[in-house]
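Student: According to the working numbering, the sequence shown holds residues 33 to 400 in order.
I have a structure I would like to understand better, so I am pasting it below and will then ask my questions one at a time.
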Amino acid sequence: MDTLINFGKYKNQTYGYVIKNDIKYCQWILTTESKYVYIKEFKNFLKNNNIEERIYDISKLKHIVSINCSDLSEYMKYDEAVIDLIKNFNITTNKIDSQKTTKENNLPNNIFGIFIDYLIRYEICKHTRIEFDDDRADTVLSYLKDKEEAEDFRAERSTSFKKVLVKRSDGLVVQSWIKQADYYAESCFCKNVSVAQGEDIENSYNNMKQNKATIQDILNVSLCHSLSFNEMNALDYINHNNNVISNRMYENIIKWINIKVSNKDIILCNPIVGDATVGICGDADLIVDHELIDFKTNISNTIGNKITDFIQLFLYTSLYYKKTKKYINKITIFNPLYMIEYSITINDSIINKILDILTNYRIGSCRR
């Protein structure tokens, strides 16, 4: 616990201090993929001292208002009922191209991965003649237009309070009272975006909607995902001029899309599967007929070969059924860097059992 951290925002603080004061940061350490030894050492400490299990104690779920699918799936990895339910499913592998492509740019891994998600969605829309649409881009552009109104609102109404949902440092979402004017103005999370940057994003988004986007347009719009989570370092990559993706990787993605979506009846890009009635929010990457696909641009190709890697997909399929009464019978993790698919064939029974487990979590029940 007394080991000093020598990186990041907690440099010169101890492991114990971070564990006590910022559980969300510990969750990031546990889920991040990094080549740096000091991050790996902190991760191993969390895993080897049973701290990981304490961080993801499912009894905490009763005390939150809502949670997204990604965070919830981390909790579910420590639920013995979930593990017992899925442990006997078999993972099959489909290698689409024999040669691995490399990440030939200096984009951070998370920004590059999100860019690939947007690229695939855009090319699918283009291939199927569906207009590209993105809720996060719509939200960012809406807030950019409202920035001036927000500042006026702050000046005029400085005393009224508003009950809002606030994400705490441990990742739990709780109710809190803050000044209404501060909430409205601060929720314009793009206040650091310049007018020129906002116009570039808007122009790029319009190009995507008209199916005439460049790679740079797609990257610009994909940055809205990070901006919507207040990750302002994304601004460094607007109009990024370096090579974003190799020709080989782009050609492989187009090849995969042609195989995957041609002559299909149902094609849903980024469908919202969250359900407010059970306190869960989230959206999947792609549904094609009865297959749900999650894109994982994982540099080391370590995601997809363990059954626990599929918990988030099991969660998506169950929520999708709850919302639409349509069953998914195959879940797939696709890594476009390696052009490989990891898939599991599932049945209706497990979907209903996952829904029963979610009901038993009673998410937010202590705050209703």
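Even for Gly, the Cβ is constructed at its ideal location relative to N, Cα and C.
Note that this is a predicted model, so its numbers are computed, not measured.
Of all the alpha helix (DSSP H) runs that stay within the bounds of the stretch 88 to 159, which reach a length of 4 or more residues?
Tutor: 101 to 108, 112 to 118, all fully within the stretch 88 to 159.
Student: Does the pairing of the stretch 318 to 335 with the stretch 117 to 124 give three or more beta-carbon distances under 8 Å?
Tutor: Touching, no.
Student: Going by beta-carbon coordinates alone, are I128 and K287 separated by less than 9 Å?
Tutor: Going by C-beta atoms, I128 is nearer than 9 Å to K287.
Student: Between L300 and the rest of its own chain, which residues show a CB-CB distance below 6 Å, the 5 nearest in sequence each way excluded?
Tutor: The answer, listed in chain order, is I319.
Student: Give me whichever residues DSSP pairs with Y374 in a beta bridge.
Tutor: Partner(s): T125, I365.
Student: Which residues share a DSSP beta bridge with C301?
Tutor: DSSP, once it has assigned bridges, lists L318 as partnering C301.
Student: Between the C-alpha atoms of D214 and Y175, what's the straight-line distance to the nearest angstrom?
Tutor: Because D214 sits at a pLDDT of 46, beneath the cut-off of 50, its placement in the model cannot be relied upon, and the following sentence gives the value as read from the coordinates. Distance between the alpha carbons of D214 and Y175 is about 15 Å.
Student: Assuming contact is defined by CB atoms lying nearer than 9 Å, are K92 and Y107 in contact in what I supplied?
Tutor: Against a cut-off of 9 Å, the Cβ pair of Y107 and K92 comes out as a contact.
Student: Please report the Cβ distance between C256 and A169, rounded to the nearest whole angstrom; I am assuming they are in contact, meaning their Cβ atoms lie under 8 Å.
Tutor: Indeed they touch by this definition, with Cβ atoms about 4 Å apart.
Student: Can you give me the start and stop residues for the beta strand (DSSP E) that L324 sits inside?
Tutor: Per DSSP, L324 belongs to the beta strand (DSSP E) from 323 to 327.
Student: Do V172 and L78 come within 9 Å of each other at the CB atom, strictly closer than that value?
Tutor: In this structure, V172 does not lie closer than 9 Å to L78 by Cβ.
Student: Assign G314 to buried or exposed, taking buried as 16 or more other Cβ atoms, counted over all protein chains shown, within 10 Å of its Cβ.
Tutor: Buried, by the Cβ-count rule.
Student: Could you work out which residue in H159, S350, Y57 is closest to E84 when comparing CA atoms only?
Tutor: Selected option, being the one with the closest Cα: Y57.
Student: Taking just the CA atoms, how far does I152 sit from K357?
Tutor: Roughly 27 Å between the two C-alpha positions.
Student: Nearest-angstrom Cα distance between D232 and L351?
Tutor: Taking the straight line joining both Cα atoms gives about 36 Å.
Student: Which two residues bound the contiguous alpha helix (DSSP H) that contains G230?
Tutor: Unbroken alpha helix (DSSP H) run through G230: 227 to 241.
Student: If you run the structure through DSSP and keep just helix, strand and coil, what is T46?
Tutor: In the structure shown, T46 sits in a strand (DSSP, three-state: E or B).
Student: With distances taken Cα to Cα, identify the nearest neighbour of I291 among E373, V50, F39.
Tutor: Out of E373, V50, F39, E373 has the C-alpha closest to the C-alpha of I291.
Student: Apply the 10 Å Cβ neighbour rule to L36 and answer buried if 16 or more other Cβ atoms are within range, or exposed otherwise.
Tutor: Per the 10 Å Cβ criterion, exposed.
Student: The alpha helix (DSSP H) that contains D380, what's its start and end?
Tutor: D380 -> alpha helix (DSSP H) spans 380 to 393.
Student: Keeping to the same chain, check which residues put their C-beta closer than 6 Å to that of R280; ignore five residues upstream and five downstream.
Tutor: Closer than 6 Å at the Cβ level, and outside the excluded window around R280, lie T133.
Student: State the DSSP-derived secondary structure class of D307, mapped to helix, strand or coil.
Tutor: Strand.
Student: Name the residue from D89, N142, I55, R161 whose alpha carbon lies nearest to the alpha carbon of Q295.
Tutor: Sequence check: residue 295 is Asn here, not Gln. Here the closest residue by C-alpha is R161.
Student: Residues in its own chain within less than 6 Å of L347 by CB, not counting five upstream and five downstream?
Tutor: Same-chain partners within the cutoff: C101, S105.
Student: Could you tell me the alpha carbon to alpha carbon distance between V225 and K75, rounded to whole angstroms?
Tutor: If I take the Cα positions, the gap works out to 34 Å.
Student: CA-CA distance, L62 and K355?
Tutor: Rounded to whole angstroms, L62 to K355 spans 31 Å at the Cα level.
Student: Exposed or buried, which one is A316 when buried takes at least 16 other CB atoms within 10 Å?
Tutor: A316 comes out buried.
Student: Quick check on the DSSP output: the alpha helix (DSSP H) that includes L345 runs from which residue to which?
Tutor: L345 -> alpha helix (DSSP H) spans 343 to 356.
Student: Taking a contact to mean a Cβ-Cβ separation below 9 Å, would you say G336 touches I123 in this structure?
Tutor: The answer is yes: Cβ separation under 9 Å.
Student: What's the call for R200, buried or exposed, on a 16-neighbour Cβ count within 10 Å?
Tutor: Since pLDDT at R200 reaches only 49, below the 50 mark, its modelled position is unreliable, and the value read off the structure follows with that caveat. Exposed.
Student: Is the separation between the beta-carbon of I270 and that of P368 shorter than 9 Å?
Tutor: The answer is no: Cβ separation not under 9 Å.
Student: What does the Cβ neighbour count give for S98, buried or exposed, with the cut at 16 atoms within 10 Å?
Tutor: Burial call: buried.
Student: I289 and H159 look like a contact to me (Cβ under 8 Å); what is the Cβ gap, rounded to whole Å?
Tutor: Rounded, the Cβ-Cβ distance is 6 Å, consistent with contact.
Student: For N402, which residues of its own chain have a beta-carbon under 7 Å away from its beta-carbon, when the five flanking residues on both sides are left out?
Tutor: Absent from the model: residue 402. The displayed extent of the chain is 33 to 400, so no value can be given.
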